[in-house]
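Trainee: Chains as they are written, first to last, in our numbering: chain A, -10 to 304; chain B, -10 to 304.
In structure tokens:
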């Protein structure tokens, strides 16, 4: 089995219990939930039995422990999670508005995971990567951009593969050097996993068909275009496939794209046939939204397979 | 009316709804409550009509706004609260254990209020101080220690006064330079406001009577020893007084010492007779514990006076 490594943020998420705007008065909240897009990706991959590690840092506090405990329990290699003695674990407060948009209060950049310190454990984990997953949300500083680019180059250099989920917050793309870094990552990418309008965000072409050809021209071998409730498209040089989403009751969409991506990537690395991989990824995305909390909706392969069969047999 | 200035942390507090240990699984929480010992002190002083300013910083986020809104509404001069565009507002997660002790997860040192940047507004506010209050919890870095010592010296130099609440977390006293800074602050202090064992924490003497003489020897003019439910003692060269606590139902003790201190300090600055000032300070402490949230228990003078009368008349 090929080992996936991802570099990026580990956070706790604190969720408002009620819909509404922002955090300007005391309201009912629930947390801490383990979170951070790359951590959710790693957790979902590990739940499928894929060897997986995350390079990150948490504070020496309960919010760090809640994350390490969860990741370790689910089988993630946590040896490259540094425990920072000075900075706190990152956090994100999230409140949904009635229209589905979200208000946040973040503590990420100046939290433990916002600072990179190469340790022997980090080095060792990076060297064991067969596959490197780049999460766009983690390209948060020149140091992290450099580490992602260098690691992607090293993994490719030794015959490994790279996947890339742009997972963009708009404010991140506008930071200096970010667009250039994104394009460099694209050039190293084998498997590209954009959501919605991210498909054309980094291409010259604004038309989907032309954008896909442009991405293939950069060396990308496969594209999975995640469109949430509108289903998912798969494209490579030989074929294109579409799978509609499963209909579920949405409790909390956070983390669904990461569970989808980790499932597709893990199965793609094992050589599962593409149709099956796509359908199980769609199943992982659907299951993820049924649970409150960003990492709570990661399930094992058996559960995803059973869910898929159940859904396909439903009247 | 004399203007009080305080330098130090502004935080939000997020409170666990249930008693228990720590934050290692998702639990029900309530927040954000405006908080930070010096901010509570400033808010209580302002509610009594005392001119008061705080020198601090918050992030450009809802947690900053919830604090500035509250302080401004209650009459605190907020012109020296810097809005940091990069760092988040500080936070403290608090959970009570069944024995009354507390577990915390802090984000303070690397939050907006952990960094000092002198601005024209800060300078202006510091120069208008008739009275400077030093909060021990705010002596969190060499820069903040230096600013507190310099400001205390400047205020004393122009004929103003200084109060000092050691408000110690044990880990803070052990940081390099801290004990020396505490002693220097003591030498500049007119009104000393220790709680419980803090009375003898900085003195050679371990006996209360000897400690009080030692503190007078440093130049301190008045000592108010806060002992929570055990009442409060006042000492100066001419007299000593004791006031028992009022009996109330304790909902949340956080902030009670700050409300007590702000009330006594404000009334002392106005020349209110000591017995009345001490009794109203005890009333402020009692009222503070009846409200959930660290700053929620700050009341105006009329309310404290009415409460005091009511309590003294109770059978």
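Glycine is no exception: its CB is placed at the ideal position from the N, C-alpha and C atoms.
When we look at the beta-carbon of residue 284 of chain B and count the other beta-carbons within 10 Å, is it buried (16 or more) or exposed?
Mentor: Counting the other Cβ atoms within 10 Å of the Cβ of residue 284 of chain B gives 16 or more, which makes it buried.
Trainee: Out of A:51, A:86 and A:81, state which residue places its alpha-carbon closest to the alpha-carbon of residue 72 of chain A.
Mentor: A:51
Trainee: In chain order, what residues of the same chain have a beta carbon less than 7 Å from the beta carbon of residue 201 of chain A, not counting five sequence neighbours either side?
Mentor: Contacts found: 212 and 224.
Trainee: Using a Cβ-Cβ cut-off of less than 9 Å, list which residues of the stretch 34 to 61 of chain A approach chain B; keep chain order.
Mentor: For chain B, the residues of the stretch 34 to 61 of chain A that bring a beta carbon within less than 9 Å of one of its beta carbons are 48, 50, 51, 52, 54, 55 and 58, in chain order.
Trainee: Find the residues of chain B that neighbour residue 106 of chain A, judging by a C-beta separation of less than 9 Å, and give them in chain order.
Mentor: Contact of residue 106 of chain A with chain B by beta-carbon distance below 9 Å is absent, the smallest such distance being about 15 Å.
Trainee: On the DSSP letters alone, give me the boundaries of the alpha helix (DSSP H) that residue 247 of chain B sits inside.
Mentor: 245 to 259
Trainee: Whose Cβ in chain A lies nearer than 9 Å to the Cβ of residue 222 of chain B?
Mentor: In chain order: nothing, as chain A lies at least about 35 Å away.
Trainee: Can you list, in chain order, the stretches of the alpha helix (DSSP H) that have 4 or more residues and sit fully within the stretch 17 to 99 of chain B?
Mentor: 26 to 36 and 51 to 62
Trainee: Once the 5 residues before and after residue 12 of chain B are set aside, which same chain residues still bring their CB inside 8 Å of it?
Mentor: 5, 82, 84, 92 and 94
Trainee: Using the Cα positions of residue -1 of chain A and residue 295 of chain A, report the straight-line distance between them to the nearest angstrom.
Mentor: 30 Å
Trainee: May I have the straight-line CA-CA distance separating residue 205 of chain A from residue 121 of chain A, to the nearest angstrom?
Mentor: Answer to the nearest angstrom: the Cα atoms are 19 Å apart.
Trainee: So, for residue 61 of chain B: in the same chain, excluding its five sequence neighbours on each side, which residues have a beta-carbon less than 7 Å away from its beta-carbon?
Mentor: Counting only Cβ-Cβ distances below 7 Å, and skipping sequence neighbours, we find 67.
Trainee: In terms of residue numbering, what span does the alpha helix (DSSP H) encompassing residue 174 of chain A cover?
Mentor: 167 to 177 is the span of the alpha helix (DSSP H), which, as asked, contains residue 174 of chain A.
Trainee: May I ask you to report which of helix, strand or coil DSSP gives residue 307 of chain B?
Mentor: In the structure as shown, chain B begins at -10 and stops at 304. Residue 307 of chain B is therefore absent and cannot be evaluated.
Trainee: Beta-carbon within less than 8 Å of residue 126 of chain B's beta-carbon, same chain only, minus the 5 sequence neighbours each way: which residues are those?
Mentor: Excluding sequence neighbours, residue 126 of chain B sits near -3, -2, 26, 27, 156, 157, 158 and 161.
Trainee: Measure the C-alpha to C-alpha separation of residue 87 of chain A and residue 246 of chain A and round it to an integer number of angstroms.
Mentor: So the alpha carbons of these two residues sit roughly 21 Å apart.
Trainee: By the criterion of Cβ-Cβ separation under 7 Å, what are the contact partners of residue 15 of chain B in chain A?
Mentor: 19, 20, 21, 22 and 282
Trainee: Closer than 9 Å by beta-carbon distance: list the chain A residues that pair up with residue 155 of chain B, in chain order.
Mentor: Ordered by position in chain A, no residue passes the 9 Å Cβ test against residue 155 of chain B, which lies about 24 Å from the chain.
Trainee: Exposed or buried, which one is residue 33 of chain A when buried takes at least 16 other CB atoms within 10 Å?
Mentor: buried
Trainee: In chain B, what lies closer than 8 Å to residue 77 of chain A by C-beta?
Mentor: 94, 95, 96 and 99
Trainee: Output the distance between the C-alpha atoms of residue 288 of chain B and residue 195 of chain B, rounded to the nearest integer angstrom.
Mentor: Residue 288 of chain B and residue 195 of chain B: Cα-Cα distance of roughly 35 Å.
Trainee: Can you tell me the Cβ-Cβ gap for residue 141 of chain B and residue 151 of chain B, rounded? I've got them flagged as a contact below 8 Å.
Mentor: 5 Å
Trainee: Scan the stretch 95 to 141 of chain A and note each continuous alpha helix (DSSP H) run of 4 residues or more that stays entirely inside, going in chain order.
Mentor: 109 to 116
Trainee: Distance, Cα to Cα, residue 80 of chain B vs residue 2 of chain B?
Mentor: 6 Å
Trainee: Identify which residue in A:116, A:118, A:102 and A:117 has its Cα closest to the Cα of residue 132 of chain A.
Mentor: Nearest C-alpha to residue 132 of chain A: A:102.
Trainee: Identify, in the order they occur along the chain, each residue of the same chain with its Cβ nearer than 7 Å to the Cβ of residue 169 of chain B, setting aside the five sequence neighbours on each side.
Mentor: none
Trainee: Between residue -6 of chain B and residue 135 of chain B, is the Cβ-Cβ spacing less than 7 Å?
Mentor: no
Trainee: I'd like to know whether the C-beta of residue 12 of chain B is nearer than 7 Å to at least one C-beta of chain A.
Mentor: yes
Trainee: Excluding the 5 residues preceding and the 5 following residue 297 of chain A in the sequence, name in chain order all residues of the same chain whose CB lies nearer than 7 Å to its CB.
Mentor: 268, 269 and 272
Trainee: Which residue comes first and which comes last in the alpha helix (DSSP H) that contains residue 14 of chain B?
Mentor: Taken as a continuous stretch (DSSP letters only), residue 14 of chain B belongs to no alpha helix (DSSP H), as it is neither H nor E.
Trainee: What span of residues does the beta strand (DSSP E) with residue 230 of chain B cover, start to end?
Mentor: 229 to 232
Trainee: Let me check understanding here. Comparing Cα to Cα, which of B:41, B:111 and B:145 lies closest to residue 64 of chain B?
Mentor: B:41
Trainee: For residue 145 of chain B, name the three-state secondary structure that DSSP assigns.
Mentor: helix
Trainee: Note the first and the last residue of the continuous beta strand (DSSP E) segment covering residue 0 of chain B.
Mentor: 0 to 5
Trainee: Quick check: what's the CA-CA separation for residue 209 of chain B versus residue 286 of chain B?
Mentor: Going by the C-alpha atoms only, they are around 29 Å apart.
Trainee: Less than 7 Å separating the beta-carbons of residue 233 of chain A and residue 244 of chain A?
Mentor: no
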